[in-house]
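Here the protein sequences come in this chain order: C and L. The first sequence begins at 22 in this note's numbering and counts up by one. The second sequence begins at -2 in this note's numbering and counts up by one. For glycine and all other residues, C-beta sits at the position ideal for the given N, C-alpha and C.
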Amino acid sequence: MANVRLIARLDIKGPNLIKGIRLEGLRVVGDPREFATRHYLAGADEILYMDAVASLYERNSLSELIKWTAAHVFIPMTVGGGLRSVEDVRDVLRCGADKVCINTAAVKRPELIREVAQRFGSQCMVLQVDAKRTRQGGWEAYTDGGREHSGLDVVAWVKKAEELGAGEILLTSVDQEGTRQGFDLPLIKAVSTAVHIPVIASGGMGTPEHLLQAVQEGKADAVAMADILHYSRKGLDEIRAAAAAAGIPVRHPYPEAAAP
Amino acid sequence: MNETRPAVVVVDYGIGNLFSVCHALHQAGGEVALTSDPNRIAQAERLVLPGVGAIADGMAGLRQHGLVAPIRELVARDKPFLGICLGMQMMLDVSEEFGEHECLGLIPGRVVPVPPTGADGRPHKIPHIGWNELFRPEGGDWSQTLLAGIPERTTAYFVHSFMAMPTDPGHRLADCLYDGRVVSAAIRIGKAVGTQFHPEKSGPAGIQMLKNFLALQ
Chain C
22 MANVRLIARL DIKGPNLIKG IRLEGLRVVG DPREFATRHY LAGADEILYM DAVASLYERN
82 SLSELIKWTA AHVFIPMTVG GGLRSVEDVR DVLRCGADKV CINTAAVKRP ELIREVAQRF
142 GSQCMVLQVD AKRTRQGGWE AYTDGGREHS GLDVVAWVKK AEELGAGEIL LTSVDQEGTR
202 QGFDLPLIKA VSTAVHIPVI ASGGMGTPEH LLQAVQEGKA DAVAMADILH YSRKGLDEIR
262 AAAAAAGIPV RHPYPEAAAP
Chain L
-2 MNETRPAVVV VDYGIGNLFS VCHALHQAGG EVALTSDPNR IAQAERLVLP GVGAIADGMA
58 GLRQHGLVAP IRELVARDKP FLGICLGMQM MLDVSEEFGE HECLGLIPGR VVPVPPTGAD
118 GRPHKIPHIG WNELFRPEGG DWSQTLLAGI PERTTAYFVH SFMAMPTDPG HRLADCLYDG
178 RVVSAAIRIG KAVGTQFHPE KSGPAGIQML KNFLALQ
């Protein structure tokens, strides 16, 4: 089993790091550069920026932040929100991002997944799925920041995206997001067992135990964390130690790498 | 402060995003110059050859800019050299990525696909992506290289589908294990080192490696 990745997720609105509940009721947390630096130095494996309102305006406005981050934060960076075309992806990568997340535009035109994967490699193309539980006991993919129905069944959609060349799935539970009540484990498990590409569990992490559940029960390959880190409810070192103690492989942060 | 920053030249040959590499070298204390000028490359105090993408495109870019001879010359003079990812793979004789491609021939050997299965025989994911631990192969000496003082099992960030296979195991500087399969993480000849991983994406450990590289004379 590969090391489970601990990803710091920063949702951005304009100049601010924000946090909402179920992708709504957004509150300003602070300056994203400050928080990105802090999480980087604390040992985050990757950083993820999500332009929270980009889809509404159909554009990603993070280029200055991406450039700043590429110059100061030396871990892989993924950027999502409002990316609609191969040209949009190219621009974000040119600013210094390593991967992109696409949701709404891929739902509208699934071929975009193939185009991005062929041009920049599958490792670059992360499909973002915002999933809401349905009354029938399944999940439906939502677009535009969790506002719009797509009519797509999440499990069928991720299988199709994998065929089209998606390299990873960023799976956010809209129901759990911002609640700190834990991940939607049946959702993570349903998606992880449906595809062979890595699944990043997102939405609901309130304690390190939630991470253990996402990995052990949900079979997630990576976990995205937001307010647990932003509000310093737990440190990355504590979360990493809890994972290691439970037998989940996580990387050894430098410079303690030599420790057993 | 009037301290001089160690000079480092980064080869710009028209492929990939060199932004991260240049910033990481700057963060590590270097005075970074990005160029495709063969003279400046041949005369560099220290040279970095980054690279992403396909090896055919990479070698075509070097040839188009007339950079093959200057790079060989610099390495022959035993100046510090660092090839990153594709830049490391180009250090060998030949790459098997989509055909056979002649490379720089700094280190005897070939570039071959990452094994498609783990040690248990089960297929695993290609490309090999993510943080993986560095090990010192038997006889590997990390002193006087960018890995000097870096503890074994330090993790570095990898994204690749092909890997270096030096003919002489003595050129292996560091390895990692991908599902039990040995993958070359760094190779070396004199002061020329290639890393399959990306120091510029490997966090504080990667920055320390670049500092070590900049300290080489």
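What do you get for residue i, buried or exposed, if any count of 16 or more other CB atoms within 10 angstroms of its CB means buried?
i              : result
H170 (chain C) : exposed
F217 (chain L) : Only positions -2 to 214 of chain L appear in the structure, and residue 217 (chain L) is not among them; the question remains open.
S253 (chain C) : exposed
L38 (chain C)  : buried
H60 (chain C)  : buried
P281 (chain C) : Here P281 (chain C) scores only 38 on pLDDT, less than 50, and its place in the model should not be relied on; the value that follows carries that caveat. P281 (chain C) is exposed by the Cβ-count criterion.
T90 (chain C)  : buried
T164 (chain L) : exposed
E132 (chain C) : exposed
A211 (chain C) : buried
L233 (chain C) : buried
D109 (chain C) : buried
R115 (chain C) : exposed
Residue i touches chain C at which residues, Cβ-Cβ below 9 angstroms?
i              : result
V111 (chain L) : Per Cβ cutoff of 9 angstroms: no residues; V111 (chain L) is ~13 angstroms from chain C at best.
Q24 (chain L)  : A92, H93, F95
R47 (chain L)  : Contrary to the premise, residue 47 (chain L) reads as Pro rather than Arg in this sequence. In chain order: nothing, as chain C lies at least about 13 angstroms away.
P134 (chain L) : Those do not exist, as P134 (chain L) stays about 17 angstroms from chain C at its closest Cβ, beyond 9 angstroms.
Roughly how many whole angstroms lie between the Cα atoms of residue i and residue j?
i              : j              : result
H251 (chain C) : D196 (chain C) : 20 angstroms
I141 (chain L) : Q205 (chain L) : Going by the sequence as given, residue 141 (chain L) is Gln instead of Ile. Distance between the alpha carbons of Q141 (chain L) and Q205 (chain L) is about 14 angstroms.
K240 (chain C) : A39 (chain L)  : 51 angstroms
P35 (chain L)  : F159 (chain L) : 28 angstroms
C222 (chain L) : I218 (chain C) : The structure shown does not extend to residue 222 (chain L), since chain L is modelled only from -2 to 214, so the question has no answer here.
Q139 (chain C) : A187 (chain C) : 10 angstroms
V175 (chain C) : L46 (chain L)  : 43 angstroms
Y175 (chain L) : C122 (chain C) : 26 angstroms
E70 (chain L)  : V49 (chain L)  : 23 angstroms
G84 (chain L)  : G191 (chain L) : 7 angstroms
K122 (chain L) : G27 (chain L)  : 36 angstroms
A266 (chain C) : D32 (chain C)  : 30 angstroms
T228 (chain C) : R185 (chain L) : 44 angstroms
A53 (chain L)  : T164 (chain C) : 39 angstroms
A245 (chain C) : G137 (chain L) : 37 angstroms
L213 (chain L) : I28 (chain C)  : 34 angstroms
Which class does residue i belong to by DSSP, given the choice of helix, strand or coil?
i               : result
A202 (chain L)  : helix
H62 (chain L)   : coil
H173 (chain L)  : For the record, residue 173 (chain L) in the displayed sequence is Cys; it is not His. C173 (chain L) falls in the strand class under three-state DSSP.
H170 (chain C)  : strand
C82 (chain L)   : coil
Q197 (chain C)  : coil
Q214 (chain L)  : coil
L22 (chain L)   : helix
M(-2) (chain L) : Residue confidence for M(-2) (chain L) is low, a pLDDT of 48 falling below 50, so the modelled location carries little weight; the figure read from the coordinates is stated next. In the structure shown, M(-2) (chain L) sits in coil (DSSP, three-state: anything other than H, G, I, E or B).
H157 (chain L)  : strand
N124 (chain C)  : coil
V271 (chain C)  : coil
A247 (chain C)  : coil
P229 (chain C)  : helix
V236 (chain C)  : helix
P281 (chain C)  : Here P281 (chain C) scores only 38 on pLDDT, less than 50, and its place in the model should not be relied on; the value that follows carries that caveat. In the structure shown, P281 (chain C) sits in coil (DSSP, three-state: anything other than H, G, I, E or B).
V137 (chain C)  : helix
Y61 (chain C)   : helix
V72 (chain L)   : helix
K255 (chain C)  : coil
I39 (chain C)   : strand
M146 (chain C)  : strand
P148 (chain L)  : coil
A57 (chain L)   : helix
D112 (chain C)  : helix
K336 (chain C)  : Since the first residue of chain C shown is 22 and the last is 281, residue 336 (chain C) is not available in this structure.
List the residues of chain L that residue i touches, going by C-beta distances under 8 angstroms, in chain order.
i              : result
N24 (chain C)  : G127, W128, N129, T152
H273 (chain C) : E130, R150, T151, T152
Along chain C, which residues have their Cβ under 7 angstroms away from the Cβ of residue i?
i              : result
S17 (chain L)  : A91, G117
V156 (chain L) : Q144
Q141 (chain L) : Chain C residues near Q141 (chain L): none, gap ~20 angstroms exceeds 7 angstroms.
Which chain L residues sit within Cβ distance under 9 angstroms of residue i?
i              : result
D66 (chain C)  : G127, W128, T152, Y154, G200
L114 (chain C) : N14
For residue i, go through chain L and note every residue whose CB falls closer than 7 angstroms to its CB, in chain order.
i              : result
P97 (chain C)  : Y154, K198
P276 (chain C) : P148
So which residues of chain C does residue i contact, with C-beta pairs closer than 8 angstroms?
i              : result
I204 (chain L) : F95
A21 (chain L)  : F95
Touching by the beta-carbon criterion (3+ pairs, under 8 angstroms), the segment 38 to 48 of chain C and the segment 1 to 11 of chain L = no
Validate contact between the segment 60 to 69 of chain C and the segment 91 to 99 of chain C using beta carbons, cut 8 angstroms, 3 pairs = Between the segment 60 to 69 of chain C and the segment 91 to 99 of chain C, the count of C-beta pairs closer than 8 angstroms reaches three or more; the two stretches touch.
Determine contact between the segment 151 to 171 of chain L and the segment 100 to 109 of chain L, defined as no fewer than three beta-carbon pairs at a distance below 8 angstroms.
-> yes
Taking 8 angstroms as the threshold, find out whether the segment 107 to 121 of chain L comes into contact with the segment 254 to 270 of chain C through three or more Cβ pairs.
-> no
Using 8 angstroms as the threshold, is the segment 57 to 64 of chain L in touch with the segment 15 to 23 of chain L, meaning 3 or more CB pairs across them?
-> These segments do not touch.
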